[in-house]
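Student: Each step along the sequence shown adds one to the number in numbering that gives the first Met the number 0, with nothing skipped, and position 44 is 43. One structure coming up, written as structure tokens, with questions to follow.
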Amino acid sequence: MAIHPRTTTVPAPYVVPTTDRWDGSDGAWSTFSISIGTPPQSFRVLVSTLGQETWVPVPEGCTSLDPSNCADSRGVETFNSAASPGFRTNASSTWELIGLYDLGLETALNYSGNGLFGYDTVRLGSGQDPDAISVAHQVVAGIAAKDYFLGLLGLNAMSSSFSSVSEPVDSLLHSLKQQNGIPSLSYSYTAGASYRFKKVPGSLILGGYDRSRFEVPGFNFTFASEHNRDLIVGVQSIVASNSLQGVVSLTLSGHLSLIDSTIPHIWLPEDVCERFEKAFGLTYDPSTDLYLVNETAHAKLLELSPSITFKLGNSIYTSDNASTNIVLPYAAFDQQVSWPYYTNATYNYFPIRRGANETQYQIGRTLLQEAYLVVDQERRNFSIGQTIFSDPLPEVDLVAILSPNDSALGGLKPGSSGLSTGAIVGIAIGALVVVLVIVAIIFLRRRHRRRSPLIPEVAEDQAAPEQEHVPVAQLDGLPVHELAASHAPAGLKRKCTPPQELSGAMDDTAIFELPSTVAYEMDATELRREGTGRGDVR
């Protein structure tokens, strides 16, 4: 009986297209292009490493009291050749209502708001991009609350649960993997830097990473055991150079912090914020909980051009071989804040916030301007490296992160015929026996590694965590349309409750071929999270 080689094709990583815009009311942030519904309605959105769903503004998110460009400033693109007020569910033939539920994403930071949840088709690219990958029947939330000013593309692999839906609903990332759109439940992200060269856009790759964009660190971080707070790092020290006080340590001890790209700010212990105040001449505004920079201090800081170094590790204690330094120039903190934080005014501000306790210590997009994050949700680990900037940017060098099941069967490479390297060599020399021996050895070695009690892996059919949503009666107090909450600290788990009433109402993208290199793998660990139904993770 003839033995035929395995013919499974592993997909290449998918590069989510950026827009040519820098959006945000709390800084200049590189946004990504997505579209929702049939026909597609396009939006500019940010990335959420904490969330798992797709959120876009709805018409109720802008009122007659808001600036005339409200919808555009919130990332809403034109639809049918006309300005759009937001996602119009009644204009999509594929929209299926779930109900009104709380958003529940950043509750630890006191963000709030409700969402109009439903299923619809999500495209990772603009509505005019014929190459954009699309996934049908995905959870989409229409948002009005200005705490979440721009839409979000959630990268978490946990499922969502709603009291009106009998079963947990898969995340976008999980659905993409199931339809063979990406090789694994992994992603890489850097936020982009408007202050570098001619403005360097962000990068978001699903199922792999771009080796040309960062300095590969010498170690990986492991996922934390906290529910829905996987990306915990130890902030071992923060040191400022060329500050108003010269070289100064801004920390006396380490603390744990959550990497969360949903938010722009870096939330720190209050004593650390006080040291930042002195080193950078900051003025605290209690009405918004923000740190402003007056014109005198701003001019002096531009002249001094300080830098700030964050030493990060798996614990709060410094280790030379298990920590990484991320250096940020002052320009990364030199941001502007405007409406809806302040009416008819724009101020220079410094994006740090006072954390009341350890649940509020978070690291947002500010640090990710200069850091490249690679997350492997199946092996439950991640890495953070210094982003590389050059003009022009280096040629893209995509590397796939394979699923544990695929990598254990011979290290299949995206875009290949599905043969392992050993199989290709074996066929070339006509020695099928060699192929079988090599495959057997690789399988046994990987199998042995999977059995290690220190780094267990997850079976592909293992139940994923979920997030639960709590039902609400209105979409953020319609018809008044007031700001849902003050901008203070956001949350660990979301609960959505069923709705009681409703108000009426790219650039070319390609799947890149991978270079002929061994697929990137992080140490194997178990993929298991507590669900957050729009709820809990299982």
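Even for Gly, the Cβ is constructed at its ideal location relative to N, Cα and C.
1) Name, in chain order, the residues that DSSP records as bridge partners for arginine 195.
2) Put glutamine 137 into one of helix, strand or coil per three-state DSSP.
3) Closer than 8 Å is the cut-off here; do at least three beta carbon pairs connect the segment 204-214 with the segment 291-307?
4) Would you call the segment 211-225 and the segment 380-398 touching, i.e. three or more CB-CB distances under 8 Å?
5) Quick check on lysine 310: does DSSP put it in helix, strand or coil?
6) May I have the straight-line CA-CA distance separating serine 174 from valine 134, to the nearest angstrom?
7) For the alpha helix (DSSP H) that threonine 365 lies in, which residues bound it at each end?
8) Among Arg43, Gly103 and Lys310, which residue has its Cα nearest to the Cα of glutamine 51?
9) Among Cys272, Ala27 and Leu392, which has the Cα closest to the Cα of serine 248?
10) Using the C-alpha atoms, what's the distance from proline 470 back to threonine 516?
11) Apply the 10 Å Cβ neighbour rule to alanine 169 and answer buried if 16 or more other Cβ atoms are within range, or exposed otherwise.
12) Contact between the segment 227-245 and the segment 257-277 is defined here as three or more beta-carbon pairs at a separation below 8 Å; is this criterion met?
13) Going by C-alpha to C-alpha distance, which of Gly354, Pro285 and Phe309 sits closest to glutamate 269?
14) List the DSSP bridge partners of glycine 85.
15) Start and end of the beta strand (DSSP E) containing serine 202?
16) What do you reckon, are the CB atoms on glycine 60 and alanine 143 nearer than 8 Å?
17) So, do the segment 143-161 and the segment 39-58 have three or more beta carbon pairs nearer to each other than 8 Å?
18) With phenylalanine 279 as the anchor, note down where its alpha helix (DSSP H) starts and where it stops.
19) Whose C-alpha, out of Val374, Ala331, Phe309 and Thr18, is nearest the C-alpha of serine 252?
20) Per the contact definition of three or more C-beta pairs closer than 8 Å, is the segment 16-28 in contact with the segment 233-241?
21) Terminal residues of the continuous beta strand (DSSP E) containing histidine 468?
22) When you compare the CB positions of phenylalanine 388 and phenylalanine 196, do they come within less than 8 Å of one another, or not?
23) Short check: CB of leucine 367 to CB of isoleucine 265, under 8 Å?
24) Please classify valine 15: is it buried, with 16 or more other beta-carbons within 10 angstroms of its beta-carbon, or exposed?
25) Residues bridged to asparagine 380 by DSSP?
26) Under 8 Å, with one C-beta from each stretch per pair, do the segment 27-43 and the segment 108-123 reach the 3-pair mark?
27) Report the option in Val395, Ser337 and Arg87 whose CA atom is closest to the CA atom of serine 72.
28) Rounded to whole angstroms, how far is the Cβ of valine 139 from the Cβ of glycine 112, which I believe are closer than 8 Å?
Tutor: To lay it out plainly:
1) Within the DSSP bridge table, the entry for arginine 195 names no partner.
2) strand
3) no
4) yes
5) strand
6) 7 Å
7) 364-367
8) Gly103
9) Cys272
10) In this prediction, threonine 516 has a pLDDT of 35, which is less than 50 and means its spatial position is unreliable; what the coordinates show is noted afterwards. Straight-line Cα distance between these residues: approximately 48 Å.
11) The sequence as given places aspartate at residue 169; alanine does not occur at that position. Buried is the call here.
12) yes
13) Gly354
14) Bridge partners of glycine 85: none, in fact.
15) 202-205
16) Yes, the pair counts as a contact, with Cβ atoms nearer than the cut-off.
17) yes
18) Looking at the DSSP string, the run of the alpha helix (DSSP H) that includes phenylalanine 279 is 269-279.
19) Residue nearest to serine 252 within the set Val374, Ala331, Phe309 and Thr18 is Phe309 (criterion: CA-CA distance).
20) Contact between the segment 233-241 and the segment 16-28 is absent: fewer than 3 CB-CB pairs across the two stretches fall below 8 Å.
21) For histidine 468, the enclosing beta strand (DSSP E) stretches over residues 465-470.
22) yes
23) no
24) In summary, valine 15 is buried, with 16 or more beta-carbon neighbours lying within 10 Å of its beta-carbon over all protein chains present.
25) Thr221 and Asp375
26) yes
27) Ser337
28) That belief does not hold up - the Cβ atoms of valine 139 and glycine 112 are roughly 15 Å apart, past 8 Å.
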